[in-house]
Every structure is written in structure tokens, then in C-alpha cells.
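Scroll down for the structure; my scribbles are underneath it.
In our numbering, the protein residues as written are 12 to 799.
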């Protein structure tokens with residue numbers, strides 16, 4: 012208790028330094044909490060599932076490309092021939108929104124899946140009121156509580172009875188039953204708003220053109236490498252040469268197994284940006300916390316003189332060095348815990364604003380016990396790291412030297428304090444340079460050349476199949492009759508949605524894989540793409556709908572074509588005559604290289620043309636969409652009154668949502684690092700000036716100007732800043748270059764970006780020390796020398 016009183020009195024005696032100590036630590040802990048709230052959420056997917064370690068996604072790979080979709084027959088063959096596969100299940104998902112309609116209400120379902128019943132057992136999906144494993148329920152259509160409340164507001168979910176609904180509209184002819192409400196689960200890679208289960212989703216139909224996600228639950232103790240080898244053999248021997256599979260580029264590939272624990276952050280078929288973000292935030296939050304701890308240690312060492320007599324007297328009265336160390340460590344731990352509680356309170360109070368800024372949900376994890384334990388461990392480690400050296404240093408003072416009055420520590424520990432301050436500058440400079448380059452890369456993604464123009468293009472969510480140009484013509488004619496619509500077209504894929512099918516195409520004797528996109532007339536004009544040679548698809552050349560093709564410049568280069576117009580490429584058991592060459596377009600984002608692509612009106616490769624795209628004249632968007640919504644029922648009777656749309660530029664921006672999250676988080680951590688470094692510099696500047704008051708006064712009496720005194724006082728900090736630049740800027744270049752390597756299309760890093768970071772840091776440093784330095788330089792020397 013006496014030690015606490017002494018610590019409290021010391022804090023009151025140096026209010027400014029104590030406030031900076033605790034506030035600096037609180038900011039460091041706030042950064043740690045924000046980072047680990049995100050990390051805990053992103054790493055929690057499916058961990059609650061008892062089958063977590065045994066579930067694998069089955070995919071296909073060929074020449075470095077991966078897909079998570081497999082033929083339906085592969086699951087059937089595995090289940091029949093491999094007993095070590097305890098459960099095998101397929102999942103199919105609808106790539107569009109679907110209205111669910113009931114007399115009591117309706118809901119727009121954005122995530123609707125169908126699955127084998129075995130998937131329910133694998134992923135812990137259960138329903139209120141009945142078991143999905145019972146034989147009397149070979150089919151079960153479930154919705155989440157939110158959808159059930161919208162559809163059936165008067166029906167309690169725990170007393171649910173099957174209710175019939177209409178899909179899309181009353182005229183659609185589709186009236187399935189909803190059998191129950193799914194129980195709440197933890198975060199999962201298999202998320203849904205509605206999921207319809209069947210005992211056998213797809214069977215073994217050799218003519219089925221659809222592809223499915225296939226999951227396998229291996230028996231505990233199974234040799235996964237051997238299981239993988241057996242599945243590869245089954246695919247190669249029995250599945251790869253079947254109809255619809257043989258035309259795919261993956262027919263010559265092989266299967267792979269991807270563990271469930273990898274699917275959210277680093278799936279083989281997708282981006283590992285989430286995984287990089289989690290690691291980056293974990294490391295950066297640790298660095299921020301270390302920065303705050305260093306700041307704390309620096310200030311503690313700097314104020315050693317103020318506690319010298321206390322230490323000397325305690326040693327004279329027999330207090331051991333170990334007890335003194337424990338006292339100082341206890342004080343540090345108390346302040347760390349106080350700062351941690353303050354940081355948690357700040358995050359909880361500001362969580363709504365933080366959720367909007369960082370674009371992820373904090374509410375479910377802010378009060379979680381896991382973050383409390385992590386924060387306690389972080390506070391203990393911070394106390395240990397930041398308090399150990401000061402405690403050893405303070406407890407090692409000789410009482411005779413202290414009590415004689417000849418004790419002086421500022422020069423003996425200056426090198427260590429300067430080293431710590433240099434580290435703070437290094438971290439701040441790395442953060443500033445990283446933020447500038449990260450922001451520049453994301454601006455390049457937002458504003459750079461995409462090869463197409465998404466502005467003013469609207470994607471209409473539609474369920475009709477428009478494979479035949481004659482089917483789409485009435486739609487196009489009706490829509491182009493509106494004065495605000497320039498073009499209207501249809502395609503099998505839109506930017507930001509499911510990518511095009513990858514097929515094999517042959518030119519002369521050379522075979523290469525290429526994406527195939529089935530489109531309608533005016534597609535090139537609608538998407539604002541640039542024709543390099545030949546012509547686009549227009550009704551003036553209706554014969555192009557039979558075998559005409561437009562290819563991108565990457566395909567022309569891949570095949571080494573000198574004069575591509577009029578050449579023939581073969582794919583999907585059809586011959587396509589090239590009528591035009593279009594500029595490459597980055598429709599799958601900036602992280603992937605543009606692949607060779609074939610655009611055709613003739614849809615022989617098996618996909619469905621469902622994506623309606625319209626280009627609206629600038630300045631007419633609101634009235635044009637309002638008119639379409641009013642008349643949509645007469646344009647598309649199948650959709651009924653549900654007119655749904657999305658702007659393509661927003662849909663495309665979602666491809667880089669995780670990078671946007673990283674930018675927000677990195678900006679927050681940069682601000683924290685700068686604030687902590689500024690507090691450390693401010694405190695050290697205040698301390699340095701306090702012990703040099705007499706020196707400054709004497710220099711002023713001898714004729715030194717304010718400017719000379721300002722330079723003299725800040726010369727040590729300028730040296731520290733220059734050394735920090737020499738360390739930080741090469742380190743920043745290495746780190747940002749590794750991050751930029753994750754993009755296929757990236758900015759060029761120039762020297763001036765790092766120079767700008769250095770100038771910004773220098774201005775921040777000068778502003779931090781300017782007030783106290785100028786105040787000391789302008790002070791009346793009589794006030795500081797009157798006692799001499």
C-alpha cells in the first residue's frame with residue numbers, strides 16, 4: 012500500500028509526464044484492441060464446428076489456376092469408392108438475388124444455396140423443431156431467423172410449420188415450401204440466408220452442365236495425402252473426359268484438397284489478401300504497442316533523478332535491490348493495466364464510429380472474453396518489456412553517491428534514450444511511407460485504366476435465361492426506347508461477379524486456355540471497351556451471332572497472331588471466326604493478370620446469359636431507374652414487381668474491399684504511431700530543456716539569438732531524425748515492395764514518395780518541439796539564474 016501511495020504522489024508531482032505515459036500506453040493498447048478484434052473475428056470461421064479439422068473443399072487445378080467448382084459426378088464416385096471419406100456433400104449457389112414471397116410478407120434473399128443433406132451434418136446446420144438427420148425429412152428448406160421474421164412475422168420460429176411461398180413472383184410458377192428456421196451458428200465459410208437441402212442434390216447425371224462446390228469430411232486419422240492421390244486417380248480415370256468437363260481447361264488438370272481452416276483467409280481458388288491483412292495487423296499492432304512501451308521506458312529513465320533520494324534512503328534502511336525492482340515493476344504494471352482499461356473503454360465508447368470507418372463489425376467481439384485475456388497478456392508483456400531495464404537501472408544506484416548529491420544519470424543513459432527515440436522515429440517513418448504508397452496504389456485501382464468504363468453502367472438483377480439473341484431483343488428494344496438509356500446488353504458474367512468460364516482454345520496446332528464470355532449485341536459499347544482492330548457486335552452484322560468472336564490483345568499475343576482478323580480459333584466443340592480485337596480489360600480486378608479472352612454471341616460453352624447491363628446517359632440516372640422500376644413488370648414478367656439493380660462501379664469496387672479495409676486499419680495505426688512518437692518527442696524535449704535551463708540562460712547572456720538557441724536545443728533530435736531516416740526508408744521500401752508484389756498491376760515506387768514521407772515526419776517533429784524550444788529560448792535568463 013505504501014508503494015502505491017509513493018507511486019501516486021510521484022504521478023501527481025509530474026502530472027504532465029504521468030499523463031503522457033498513460034495516454035501513450037492507452038493509444039498503443041487501443042491499436043492492439045482494434046487489430047485483435049478484427050483478427051479474432053477473421054480467424055474464428057468454423058472453429059466452433061467439431062468437424063473443423065476433418066473437412067476439406069475439393070477443387071480443380073491446372074497450370075497454376077484453381078477453381079472451387081467440380082462436376083456433380085465426382086462426389087458420387089468418391090462416396091461409392093472411398094470409405095475413408097465419412098461424408099461427401101455438394102453445394103450449389105444462385106448468383107443472383109431472389110424474392111421470397113408470402114401472404115404475410117416478403118424478403119429479398121441475397122444468399123440462397125442448395126445442398127446435399129450430408130452438408131447439414133458436416134457444417135452443424137440444425138433447424139428449430141425437427142432433426143435434419145431423420146429419414147422422414149429427405150428434403151428440408153430452411154431460412155435464417157431474419158428472413159423468417161420478414162416472411163412470417165406472426166409465426167414463432169420454434170413452433171414453425173411448413174409454409175408455401177412463391178419465388179420471384181406469382182407468375183413464376185415456382186412455389187416451394189419453407190420447412191423450418193435454421194438455428195444460429197457461429198461465423199462459417201458456408202453462410203446463407205436460405206438453404207434448401209435434398210437427399211441427393213445432383214445425382215450422377217453425365218449431361219449435367221452445372222458445377223458444384225464439393226466438401227469432404229475425412230474420418231479421423233485418415234492419411235490426407237493418400238486420400239488426395241486416390242481422388243486424383245478417380246477424376247482422371249472416370250470424370251475428366253465426360254461431356255461438359257472435357258471442354259473445360261481443367262479437364263487436363265487434377266483435383267486438390269483445401270482444408271476448411273484455410274478457406275476464409277487463404278483459399279487456393281481465391282486471394283490470400285485476408286491472410287496477409289491478418290498477419291500485417293497482428294505485427295503492426297505489436298509494433299505500435301512496443302512503441303508505446305518504449306515511450307514509457309524512455310520517460311521513466313529520463314525522470315530517474317527525481318526518485319534518486321527515495322531509492323538512496325530505501326537502500327540505507329536495508330531494502331534489497333530485488334524488492335526495489337519489484338516495486339518499480341509493480342508501478343509499471345499498475346499503469347499498464349490502467350492504460351489497458353482506458354483503451355478498452357475508448358474502443359467500446361467509440362465502436363459505432365469505428366465500425367463505419369474500419370468497415371467491420373466490432374460489437375460481437377468487443378465484450379468477448381478472448382480479447383480480455385489477450386489484452387491482459389499484452390499489458391503484462393508490455394509491463395515486462397518496458398519496465399525491466401528502468402527497474403534494473405533505478406534499483407542499481409549506489410546510495411552513497413545519491414546522498415552525497417553527486418548523482419547524475421542524464422548523460423549516462425542518454426545513449427539508450429536516444430536509441431529508443433530513434434526506434435520510435437523509425438516506426439513512425441515506416442508507417443507514414445507505407446500509408447502514402449498504400450493510398451497511392453488504391454487510388455490507382457480506383458482511378459487507373461481498367462480497360463472498360465464502369466461509370467453509368469447498371470447491372471440489373473434478372474433470372475431469365477437470355478442465351479438466344481432473339482430472346483433478349485424484346486428486352487433491349489423496350490429498354491432502349493427510354494431516352495436515358497444508351498445501350499443495353501446481356502452476358503454470362505459482369506465485373507465483380509462470378510468470373511467467366513475457362514476453356515481450351517486451339518489456333519492452328521497450338522492449344523491454350525482462355526476465358527470465354529458469352530455476350531449480346533452492343534456489349535463492347537455498353538462496357539466502354541476500346542476496339543483495337545475490326546468491329547464490335549452490332550445488329551448490322553447479325554451473322555456474327557453464329558460464329559463470330561472478339562478476342563482481347565492478350566490472346567492475340569499468346570497465339571502470336573500477326574493479322575488476327577479473319578482467323579479461326581476452336582473451342583467448346585465450335586469454330587469461331589475473329590471479327591475484332593479489343594483492348595485488355597481488368598474485369599477481375601488489379602490483383603489478377605488479364606487472361607486471354609474470347610467474347611462470342613453464340614453460347615456453346617455451357618454458361619447462362621442472365622446478366623443484363625445497361626449504360627445510362629449522364630444526368631438521367633435517377634429518372635431512368637425510376638421509369639424502369641415503374642414499368643419492369645411489363646418488361647420482364649418473370650421478375651414481376653421486383654426491380655433490383657446495382658451500379659457496376661460499386662460492384663467492381665467490392666473486389667478490393669479487403670484492401671480498402673487494410674487502408675483504413677493502416678491509416679488508424681499510422682495516426683496512433685505518429686501520436687505516440689509525438690508524445691515521446693514532446694516529453695523528451697521537455698525533459699531535455701528542463702535540465703539545460705542554466706545552459707540556455709548562460710548562452711543567452713553571452714549573446715546567443717533565439718534562432719541559435721532553437722537549433723542548439725534541437726540538434727540532438729535532428730541527429731536522431733537523420734539516423735532514423737537512414738534506417739526507416741530502405742526498410743519501408745522493402746515492406747511496401749513485398750505488399751505491391753501481390754498485385755498484377757501496381758504503381759511504380761519512386762524516390763520522391765519516401766522523400767515526402769521524410770519531409771512530413773520532419774514537419775511533425777519540428778511542430779512537436781517548437782513550442783517548448785521557442786519558449787525556453789525566449790525566457791528571461793534572470794528567472795533561471797537568480798539562485799546562482
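For every residue, glycine included, the Cβ atom is placed at its ideal position computed from N, Cα and C.
In the DSSP output, what is residue i paired with across the bridge?
i           : result
residue 429 : Bridge partners of residue 429: none, in fact.
residue 104 : 124
residue 711 : According to DSSP, which records beta bridges pairwise, residue 711 is partnered with nothing at all.
residue 544 : 592
residue 523 : 516
residue 627 : 496
residue 658 : 469
residue 580 : 587
residue 72  : 77, 265
residue 192 : 154
residue 61  : DSSP output for residue 61 lists no bridge partner at all.
residue 222 : 82
residue 559 : 588
residue 209 : 127, 150
Pick out whichever of the options has its Cα sitting closest to the Cα of residue i.
i           : options            : result
residue 540 : 466, 481, 526, 584 : 466
residue 97  : 274, 116, 66, 119  : 66
residue 689 : 719, 615, 772      : 772
residue 427 : 74, 695, 123, 129  : 695
residue 511 : 279, 173, 617      : 617
residue 587 : 517, 532, 643, 645 : 517
residue 631 : 181, 70, 495       : 495
residue 32  : 736, 302, 613, 681 : 302
residue 54  : 275, 119, 487      : 275
residue 9   : 176, 101, 501, 196 : It is not possible to answer for residue 9, since the shown part of the chain is limited to 12 through 799.
residue 481 : 380, 613, 176, 525 : 613
residue 589 : 556, 711, 291      : 556
residue 210 : 750, 152, 519, 533 : 152
residue 156 : 125, 191, 144      : 191
residue 49  : 751, 677, 564      : 677
residue 610 : 165, 774, 525      : 525
residue 34  : 248, 185, 264, 355 : 355
residue 123 : 204, 92, 187, 460  : 204
What's the gap between the Cα of residue i and the Cα of residue j?
i           : j           : result
residue 544 : residue 594 : 9 angstroms
residue 663 : residue 183 : 30 angstroms
residue 685 : residue 436 : 9 angstroms
residue 254 : residue 77  : Residue placement at residue 254 cannot be trusted, given a pLDDT of 49 that sits under 50; what the coordinates show is reported in the next sentence. The straight-line gap from Cα to Cα measures roughly 20 angstroms.
residue 198 : residue 59  : 8 angstroms
residue 673 : residue 288 : 6 angstroms
residue 269 : residue 128 : 21 angstroms
residue 647 : residue 576 : 37 angstroms
residue 74  : residue 753 : 19 angstroms
residue 640 : residue 180 : 15 angstroms
residue 642 : residue 493 : 11 angstroms
residue 732 : residue 755 : 35 angstroms
residue 70  : residue 227 : 11 angstroms
residue 783 : residue 468 : 57 angstroms
residue 359 : residue 779 : 30 angstroms
residue 800 : residue 271 : Look at the range of the chain in this structure, 12 to 799, and you will see that residue 800 is not part of it.
residue 742 : residue 442 : 11 angstroms
residue 345 : residue 691 : 20 angstroms
residue 323 : residue 311 : 17 angstroms
residue 252 : residue 264 : 11 angstroms
residue 583 : residue 504 : 17 angstroms
residue 596 : residue 361 : 41 angstroms
Notebook entry, point to check: Is the stretch 380 to 396 touching the stretch 43 to 53, taking contact as three or more C-beta pairs under 8 angstroms?
Noted result: yes
Checklist line | Meets three-Cβ-pair contact criterion under 8 angstroms: the stretch 217 to 236 and the stretch 135 to 146 | finding: Flag = no, the stretch 217 to 236 and the stretch 135 to 146 do not touch.
Next item on the list: Taking 8 angstroms as the threshold, find out whether the stretch 78 to 97 comes into contact with the stretch 237 to 255 through three or more Cβ pairs.
Entry: yes
Check: If you pair each beta-carbon of the stretch 626 to 645 with each one of the stretch 594 to 611, do three or more pairs fall below 8 angstroms?
Finding: no
Checklist line | the stretch 450 to 457 in contact with the stretch 330 to 348 per 3-pair CB rule at 8 angstroms | finding: no
Margin query: Ignoring anything shorter than 4 residues, give me the alpha helix (DSSP H) runs that lie fully in the stretch 740 to 797, in order along the chain.
Written below: Listed in chain order, the complete alpha helix (DSSP H) runs (minimum 4 residues) inside the stretch 740 to 797 are 762 to 789, 792 to 796.
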